[in-house]
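Data block below; observations after.
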Amino acid sequence: SCIWSFIILVSFSYLVYTLVLELEKYYSYPVRTQVVVTYPTIVQFPAVTICNLCWRNGTKIGNSTQYRDYLSSLDDYSFHGRRPNWSDPWYEEKGFFNETNMREIVLNQAMDVSKFFFHCVFDNDFSLDCKKIFVPMITHEGICYTFNGNGKRKTTFGGSNYNLHLYVDINTDEHTWSSALGDGIQVLVHEPGTFPDIINEGVRIQPGTSAYAEIRKKEVGYTEKGNS
30 SCIWSFIILV
40 SFSYLVYTLV
50 LELEKYYSYP
60 VRTQVVVTYP
70 TIVQFPAVTI
80 CNLCWRNGTK
90 IGNSTQYRDY
100 LSSLDDYSFH
110 GRRPNWSDPW
120 YEEKGFFNET
130 NMREIVLNQA
140 MDVSKFFFHC
150 VFDNDFSLDC
160 KKIFVPMITH
170 EGICYTFNGN
180 GKRKTTFGGS
190 NYNLHLYVDI
200 NTDEHTWSSA
210 LGDGIQVLVH
220 EPGTFPDIIN
230 EGVRIQPGTS
240 AYAEIRKKEV
250 GYTEKGNS
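Take 30 as the starting number for the sequence shown in the working numbering and just add one per residue.
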């Protein structure tokens, strides 16, 4: 009987010890992480904004000294340039003091969009009209063009061979003064529905070259507090 009593006592002690350990573990809220990788067949495509660093059309606005002084005064570094002489009758003749719409002014000065976008391909569709899929945006850098700004476009392909391909002509023969102090384009990939921060973000690409932008979307989800 002593042996059986000893066995029962040891078993009971072990049971109590095990229960205490399990209770401590339970109330410590342990976390178990399980990573699952999924490969969707259709994914949301981001917005893409592209800007011609020399967006003004020199043929449209002319190349007069008065206009160069005016454009230079708009630059962030305008203290280096000449100030416009507003008493010059040229400015009044050109309608500088007339009431007008800023968007209308910018669009009238901009490069011809049909000449800027030479060819556009998206999701292996070669029949796209660039003028219809890009929306003009007025930014600090002048006129830019945004693709998929409303976020409605999705893609079924991955990799650079089948997503958005753009062939552009920056029309260097029609360039005039620009605050960018250089030629080329600036490209920004951003969230649809957001205004492109073209000043602080984006990649500049020089003429006569090609560039590849790789993007990855990662979504992270969390379970409720406690065992999972």
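Backbone N, C-alpha and C define an ideal beta-carbon position, used for all residues, glycine too. Predicted model, so just to flag it, every value in this text is computed and none were measured.
For this session: Report back the beta-carbon spacing between Pro225 and Thr168 to the nearest angstrom; my notes put them in contact at under 8 Å.
Result: 6 Å
Q.
Can you confirm whether the segment 45-65 touches the segment 149-159 when touching is taken to mean that 3 or more C-beta pairs between the two stretches lie within less than 8 Å?
A. no
Short Cβ contact (8 Å threshold) for Val135 with Ile172
yes
Residues that Arg245 bridges to, as DSSP identifies them | For Arg245, which the question treats as bridged, DSSP gives no partner whatsoever.
inquiry  = What does the Cβ neighbour count give for Tyr174, buried or exposed, with the cut at 16 atoms within 10 Å?
reply    = buried
Check: Based on the DSSP secondary-structure assignment, which residues constitute the bridge partners of Val218?
Finding: Val77
Worksheet item: Assuming Phe186 contacts Asn179 under a Cβ cut-off of 8 Å, what Cβ separation, rounded to an integer in Å, is found between them?
Response: About 20 Å separates the two Cβ atoms, so there is no contact after all.
Problem set entry | Residues near Gly211 by beta carbon distance below 7 Å, same chain, minus five either side | Leu82
Three-way DSSP call (helix, strand, coil) for Pro118 in this model
helix
For this session: Measuring alpha carbon to alpha carbon, tell me which of Phe151, Gln138, Thr184 and Lys181 ends up nearest Pro165.
Result: Gln138
TODO: Within 10 angstroms of the Cβ of Ile244, are there 16 or more other Cβ atoms? Answer buried if so, exposed if not.
DONE: exposed
Enumerated in chain order, which unbroken segments of the alpha helix (DSSP H) with a length of 4 residues or greater are wholly contained in the segment 125-192? Entirely contained in the segment 125-192, the alpha helix (DSSP H) runs reaching 4 residues are, in chain order, 131-138, 142-145 and 159-162.
* Take the Cβ of Gln215 as the centre, count every other Cβ of all protein chains shown within 10 Å, and call the residue buried at 16 or more, exposed below. => Buried: at least 16 other Cβ atoms inside 10 Å.
- So is Arg233 in contact with chain B if we call contact Cβ pairs under 8 Å? Of the protein chains in the structure, only one exists, and it is not chain B.
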